[in-house]
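Asks: Here's a structure for you.
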Amino acid sequence: MTRSPLYMQILKEQERNVIDTGTANDIGDLNLAYLLLAKRLVTEDIALAMYRLGMSRELADLLGSLSLSQIVKLAGSSLLLCRFRFDDHPMLSALTLEGKNPALQQAHAAILLSGQQLEAVR
Amino acid sequence: MAGKSVIVEAREIHLAMDLIKLGARLQFLEAETSLSRDRLIKLYKELKGTSPPKGLLPFSTDWFMTWLSNIHSSMFYNIYRFMVVHGGCTRINAIIKSYRLYIEQVQQQGGEPVLDFTRAWTLVRFFDSDMLQLSTCTRCTGLFVAHAHDSQSNYVCVLCRPPSRAGKTRPSGAKRDETEGGSPAAAGGTPAISSSQWLANVMNSSRTA
Chain A
2 MTRSPLYMQI
12 LKEQERNVID
22 TGTANDIGDL
32 NLAYLLLAKR
42 LVTEDIALAM
52 YRLGMSRELA
62 DLLGSLSLSQ
72 IVKLAGSSLL
82 LCRFRFDDHP
92 MLSALTLEGK
102 NPALQQAHAA
112 ILLSGQQLEA
122 VR
Chain B
1263 MAGKSVIVEA
1273 REIHLAMDLI
1283 KLGARLQFLE
1293 AETSLSRDRL
1303 IKLYKELKGT
1313 SPPKGLLPFS
1323 TDWFMTWLSN
1333 IHSSMFYNIY
1343 RFMVVHGGCT
1353 RINAIIKSYR
1363 LYIEQVQQQG
1373 GEPVLDFTRA
1383 WTLVRFFDSD
1393 MLQLSTCTRC
1403 TGLFVAHAHD
1413 SQSNYVCVLC
1423 RPPSRAGKTR
1433 PSGAKRDETE
1443 GGSPAAAGGT
1453 PAISSSQWLA
1463 NVMNSSRTA
């Protein structure tokens, strides 16, 4: 049985769709994990949570006050909700160029991240 | 002690217990709580099973400048500053929280803590009395512990430009590092010891001298 070009195209499209929803699901899972973790950290100890998440108190408070259904709704997005924290060029190059001792690199990352400007509600 | 609120005292005892568990020395406890010396000694014995170590607290800012000590103290102080500036913690609470975080981070990295609790506390006191400052590294933009009034203009941190010796002789374990960059006494041929042990040795020898 020969398949028409149109049919083949539909098949391809479907395949692409499958991949796409896979990515979206992965992102949604990550969002959910992130928000749940953030909420848990904030309820445990807000100062520690702010340090670990790199967030201002307002933002941390906000995340901590989200209800479970709000979290689920917010997480169900195809866009990532958390941001890459090494968004500064000198910082990133200092960490990646070094590349010799992982422990030292971790220490360096910790120093850089804790001195960084916080993610805040603007 | 008479006329003091029992609740306040209970809180102070709780604080003292936290501090002792983290490895605080007696002078530290006396400075941070209003409990009597006798009570503190009793508390210490109950928790640790031994008498508190005697001797003076470390007083030199130079210790924080050697390679590995500088990395660890910068790590600790950055966390501490975060806790005070952003976390809204009181001084002593910030010290406790940031020291726990520091230990957690070091263990996560598979290393051993170089900065003991007393050192961490002294570090904060040095900053409070303007003997130390944070210098911004011109390469990585990180903040590092430095002597007060040191020139900031061309400062490059110990991680961006490690001293040649520290880079070459780095073994995988952190214990050797301590003898390498950390304690001058241990570098002089004695086997690897922990920094607190080193501190105790130094203090004992200075007392007998």
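So the protein lines, in turn, are chains A and B.
Counting in our numbering, the final residue of the first sequence is number 123, and the numbers go up one at a time with none missing.
Counting in our numbering, the final residue of the second sequence is number 1471, and the numbers go up one at a time with none missing.
C-beta atoms are modelled at their ideal positions from N, C-alpha and C, and glycine is treated no differently.
Assuming contact is defined by CB atoms lying nearer than 8 Å, are residue 1340 of chain B and residue 112 of chain A in contact in what I supplied?
Replies: Here residue 1340 of chain B refers to the residue found at position 78 of the second sequence. Here residue 112 of chain A refers to the residue found at position 111 of the first sequence. Yes, Cβ-Cβ distance for residue 1340 of chain B and residue 112 of chain A is below 8 Å.
Asks: Could you name the residues of the same chain whose beta carbon sits closer than 6 Å to that of residue 1395 of chain B, not counting the 5 residues immediately before and after it, in chain order?
Replies: Your numbering for residue 1395 of chain B matches position 133 in the second sequence. The answer, listed in chain order, is 1408 and 1410.
Asks: So within the segment 1334-1408 of chain B, which uninterrupted beta strand (DSSP E) runs reach at least 3 residues, ignoring any that extend past its ends?
Replies: 1394-1398
Asks: Would you check if there are 3 or more beta carbon pairs closer than 8 Å linking the segment 1377-1384 of chain B to the segment 1323-1342 of chain B?
Replies: yes
Asks: Starting from residue 64 of chain A, follow the alpha helix (DSSP H) in both directions and report where the run begins and ends.
Replies: By one-based count along the first sequence, residue 64 of chain A stands at place 63. Element bounds for residue 64 of chain A: 58-66.
Asks: Around the C-beta of residue 1375 of chain B, are 16 or more other C-beta atoms found within 10 angstroms, so that it is buried, or is it exposed?
Replies: As a working note, residue 1375 of chain B is residue 113 in the second sequence. So residue 1375 of chain B ends up on the buried side.
Asks: Name the chain B residues that come within less than 9 Å of residue 49 of chain A, Cβ to Cβ?
Replies: Reading the first sequence from its first residue, position 48 is the one you call residue 49 of chain A. 1345, 1349, 1359, 1362 and 1363, listed in chain order.
Asks: Which ranges would you report for the alpha helix (DSSP H) in the segment 1294-1320 of chain B if only whole runs of at least 4 residues count?
Replies: Assignment of alpha helix (DSSP H) within the segment 1294-1320 of chain B, counting only whole runs of 4 or more residues, yields 1299-1310 in chain order.
Asks: Going straight from the alpha carbon of residue 78 of chain A to that of residue 34 of chain A, what length do you get?
Replies: Taking the first residue of the first sequence as position 1, residue 78 of chain A is located at position 77. Taking the first residue of the first sequence as position 1, residue 34 of chain A is located at position 33. In this model, residue 78 of chain A and residue 34 of chain A are separated by some 13 Å (Cα to Cα).
Asks: Would you verify that the beta carbon of residue 65 of chain A is, or is not, closer than 8 Å to some beta carbon of chain B?
Replies: For the purposes of this step, residue 65 of chain A is taken as the residue at position 64 of the first sequence. So no, residue 65 of chain A is outside the interface.
Asks: Given a cut-off of 8 Å, decide if residue 1289 of chain B and residue 108 of chain A are closer than it, judged by their beta-carbon atoms.
Replies: Within the first sequence, numbered from 1, the residue matching residue 108 of chain A stands at position 107. Within the second sequence, numbered from 1, the residue matching residue 1289 of chain B stands at position 27. Not in contact: residue 108 of chain A and residue 1289 of chain B (Cβ atoms no closer than 8 Å).
Asks: If contacts are defined as beta-carbon pairs under 8 Å, then residue 54 of chain A and residue 76 of chain A qualify, I think. What distance do you get, rounded to the angstrom?
Replies: The residue labelled residue 54 of chain A in the question sits at position 53 within the first sequence. The residue labelled residue 76 of chain A in the question sits at position 75 within the first sequence. Wrong, their Cβ atoms sit about 16 Å apart, outside the cutoff.
Asks: For the alpha helix (DSSP H) holding residue 120 of chain A, just list the boundary residues, first then last.
Replies: In the first sequence, counting from the first residue as 1, residue 120 of chain A sits at position 119. Run containing residue 120 of chain A: none; DSSP gives neither H nor E here.
Asks: Do residue 1280 of chain B and residue 1358 of chain B have their C-beta atoms closer together than 8 Å?
Replies: Walking along the second sequence from the start, residue 1280 of chain B turns up at place 18. Walking along the second sequence from the start, residue 1358 of chain B turns up at place 96. Closer than 8 Å, so yes.
Asks: Secondary structure at residue 1415 of chain B, three-state DSSP: helix, strand or coil?
Replies: Against the second sequence, residue 1415 of chain B aligns to sequence position 153. Three-state DSSP puts residue 1415 of chain B in coil, outside helix and strand.
Asks: Confirm, please, whether the CB-CB distance from residue 1360 of chain B to residue 1345 of chain B is below 8 Å.
Replies: Locating residue 1345 of chain B in the second sequence gives position 83, where the first residue counts as 1. Locating residue 1360 of chain B in the second sequence gives position 98, where the first residue counts as 1. The answer is yes: Cβ separation under 8 Å.
Asks: Would you mind reading off the limits of the alpha helix (DSSP H) that contains residue 1279 of chain B?
Replies: As a first step, residue 1279 of chain B is located in the second sequence; it is residue number 17 there, counting from the start. First-last of the alpha helix (DSSP H) with residue 1279 of chain B: 1268-1284.
Asks: What's the call for residue 1337 of chain B, buried or exposed, on a 16-neighbour Cβ count within 10 Å?
Replies: In the second sequence, the residue the question calls residue 1337 of chain B occupies position 75. The residue is buried, with at least 16 neighbouring Cβ atoms inside 10 Å.
Asks: For residue 89 of chain A, return the contacting residues in chain B, with the cut-off set at a CB-CB distance below 8 Å.
Replies: Within the first sequence, residue 89 of chain A is the residue found at index 88, counting from 1. Neighbours of residue 89 of chain A on chain B, chain order: 1403.
Asks: Can you name the residues of chain A whose CB is closer than 7 Å to the CB of residue 1249 of chain B?
Replies: Residue numbering for chain B in the displayed model covers 1263 to 1471; residue 1249 of chain B lies beyond these limits and cannot be assessed.
Asks: Where does residue 1326 of chain B fall in DSSP's three states?
Replies: For the purposes of this step, residue 1326 of chain B is taken as the residue at position 64 of the second sequence. The answer is helix: DSSP assigns residue 1326 of chain B an H, G or I state.
Asks: Looking at residue 1379 of chain B: is its Cβ nearer than 8 Å to the Cβ of residue 1293 of chain B?
Replies: On the second sequence, residue 1379 of chain B is found 117 positions in, with the first residue counted as 1. On the second sequence, residue 1293 of chain B is found 31 positions in, with the first residue counted as 1. No, these two residues do not count as a Cβ contact at 8 Å.
Asks: Would residue 26 of chain A and residue 82 of chain A be called neighbours here (beta carbons separated by less than 8 Å)?
Replies: In the first sequence, the residue the question calls residue 26 of chain A occupies position 25. In the first sequence, the residue the question calls residue 82 of chain A occupies position 81. Result no, Cβ atoms of residue 26 of chain A and residue 82 of chain A do not sit closer than 8 Å.
Asks: Given that a residue counts as buried once 16 or more other Cβ atoms are within 10 Å of its Cβ, and exposed if not, what is residue 1332 of chain B?
Replies: Taking the second sequence and counting its residues from 1, one reaches residue 1332 of chain B at position 70. Residue 1332 of chain B should be labelled buried.
Asks: Quick check: the Cα distance between residue 87 of chain A and residue 106 of chain A, rounded to an integer number of angstroms?
Replies: Locating residue 87 of chain A in the first sequence gives position 86, where the first residue counts as 1. Locating residue 106 of chain A in the first sequence gives position 105, where the first residue counts as 1. Rounded to the nearest angstrom, the two C-alpha atoms are 13 Å apart.
Asks: Counting C-beta neighbours from all protein chains within 10 Å, is the total for residue 1309 of chain B 16 or more, i.e. buried, or is it exposed?
Replies: The residue labelled residue 1309 of chain B in the question sits at position 47 within the second sequence. Residue environment: residue 1309 of chain B is assigned as exposed (fewer than 16 neighbouring CB atoms within 10 Å of its CB, all protein chains considered).
Asks: Please indicate yes or no: does the CB of residue 1415 of chain B lie closer than 7 Å to some heavy atom of the ligand ADP?
Replies: By its list of ligands, the structure shown contains no ligand whatsoever, and the ligand ADP lies outside what it can speak to.
Asks: Going by other Cβ atoms of all chains shown within 10 Å of its Cβ, with 16 needed for buried, is residue 59 of chain A buried or exposed?
Replies: Here the question's residue 59 of chain A lines up with position 58 in the first sequence. Exposed is the call here.
Asks: I need the boundaries of the alpha helix (DSSP H) containing residue 70 of chain A, first residue and last residue.
Replies: Within the first sequence, the letter at position 69 stands for residue 70 of chain A. 69-76 is the extent of the alpha helix (DSSP H) around residue 70 of chain A.
Asks: Buried or exposed, going by whether 16 or more other CB atoms sit within 10 Å of the CB of residue 1342 of chain B?
Replies: For this step, residue 1342 of chain B is matched to residue 80 along the second sequence. Flag for residue 1342 of chain B reads buried.
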